[in-house]
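Per the working numbering, residue 144 is the first one in the sequence shown, and the count goes up by one each step.
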Amino acid sequence: MDWQEISGNWVLVPRNPVGVIHFLGGAFVATAPHLTYRWLLEQLADKGYVVIATPFVNTLDHSAIAKSVLLNFERALERLQDNSAIRKRYLPIYGIGHSMGCKLHLLIGSLFNVERAGNILISFNNYAARDAIPLIEQFNLAAVEFTPSPLETNKLVQDRYNVRRNLLIKFTNDTLDQSTALTELLKQRFPEMVIAQMLNGTHTTPLGQDIKWQTGESFTPFDALGQWFKQQAYRDLNQLKSIILFWLNPLSNPIIS
């Protein structure tokens, strides 16, 4: 199974798909999601999910970005529906976002009429421009703000967000995360349909890659440290993968490592 570029998206198509995932990454790593999130996305594709990862470049107009990534996703989906693997079959569509990608999925679900079986929101943050872009204060641009602003985003979600089933994932060592307030907003809108999950890790855990650690002729303390680091990174990554897969398909009952 190889990555292919379709209508501005990076796509993985498994042989017998069971669902479609629209993936949106974080603000500064979203331009090449098939590289920055490769391990996690390939693991999901291995379990039968068509992965459509849409790149984007961050600007102040987040509504425009949401519209653009949705259009690119829908174009790719139309192209894929010409493929016999998913033709004339109903496949549930899930949104998965990391960091800013969560905000974009929230905007998509609030501003546009989309059908989603659910959204997975990992390490959500909704900072004002002055907090997200340090140079703004240095250049005396305090009036510059994202569109919509954090308060406007919360109001949109509260009034118009139409994706009922949601999983919010927060990591233990993530100072950028703002999932707690979002969880309360969503629970007010869709009681009993929102799950919040705390996992070990940091804001960058979803970016973890396959670490190839080669030891020398003799096993040194440095090699032991490297192996420990690899085990820790994979423990957090595998737990994230398992939680996502279990939420997507509770009957799968994966073993959480």
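Using N, Cα and C, we set each Cβ at its ideal position, and we do this for glycine too. Here the structure is a predicted model, which means the values were calculated and not measured.
Problem - Where Thr345 sits in the DSSP three-state scheme - result: Walking along the sequence shown from the start, residue 345 turns up at place 202. Strand.
Practice task
May I ask you to report which of helix, strand or coil DSSP gives Gln186?
Solution key: In the sequence shown, residue 186 corresponds to position 43, counting from 1. Looking at Gln186 - three-state DSSP - the assignment turns out to be helix.
Problem - Limits of the alpha helix (DSSP H) - the one that Leu220 falls within - result: In the sequence shown, the residue the question calls residue 220 occupies position 77. Per DSSP, Leu220 belongs to the alpha helix (DSSP H) from His205 to Leu223.
Practice task
Just the C-alpha distance for Thr315 and Leu342, rounded to the nearest angstrom, thanks.
Solution key: Within the sequence shown, numbered from 1, the residue matching residue 315 stands at position 172. Within the sequence shown, numbered from 1, the residue matching residue 342 stands at position 199. Each residue's Cα considered, the two are about 6 Å apart.
Exercise for the section: Spell out the partners DSSP gives Thr290 in its beta bridges. Expected result: Numbered from 1 along the sequence shown, position 147 holds the residue referred to as residue 290. Paired residues: Asp204.
Practice task
Could you check the C-alpha separation between Asp145 and Thr290 for me, to the nearest Å?
Solution key: Here residue 145 refers to the residue found at position 2 of the sequence shown. Here residue 290 refers to the residue found at position 147 of the sequence shown. Their Cα atoms are separated by approximately 36 Å.
Exercise for the section: Determine the direct distance from the alpha carbon of Gly351 to that of Leu223, and round the result to whole angstroms. Expected result: Along the sequence shown, read from residue 1 onward, the residue named residue 223 stands at position 80. Along the sequence shown, read from residue 1 onward, the residue named residue 351 stands at position 208. Between Leu223 and Gly351, the C-alpha separation is close to 28 Å.
Problem - Opening and closing residue of the alpha helix (DSSP H) in which Ala175 lies - result: For the purposes of this step, residue 175 is taken as the residue at position 32 of the sequence shown. Premise fails: Ala175 is in no alpha helix (DSSP H) and is neither H nor E.
Practice task
Decide if Ala209 is buried, meaning its Cβ has at least 16 other Cβ atoms within 10 Å, or exposed.
Solution key: Residue numbering aside, residue 209 sits at position 66 when the sequence shown is read from its first letter. With 16 or more Cβ atoms within 10 Å of its Cβ, Ala209 is classed as buried.
Handout entry: Beta-bridge pairing of Gly162 - partner residues as DSSP gives them
Key = Residue 162 sits at position 19 when you count from the first residue of the sequence shown. Partner(s): Tyr192.
Handout entry: Pairwise C-alpha distance: Val300 and Ala367
Key = As a first step, residue 367 is located in the sequence shown; it is residue number 224 there, counting from the start. As a first step, residue 300 is located in the sequence shown; it is residue number 157 there, counting from the start. At Ala367 the pLDDT is 46, less than 50, meaning the model places this residue with poor confidence and gives no usable figure here.
Handout entry: Collapsed DSSP secondary structure at Val154 in the structure displayed
Key = Within the sequence shown, numbered from 1, the residue matching residue 154 stands at position 11. Val154: strand per DSSP, three-state reduction.
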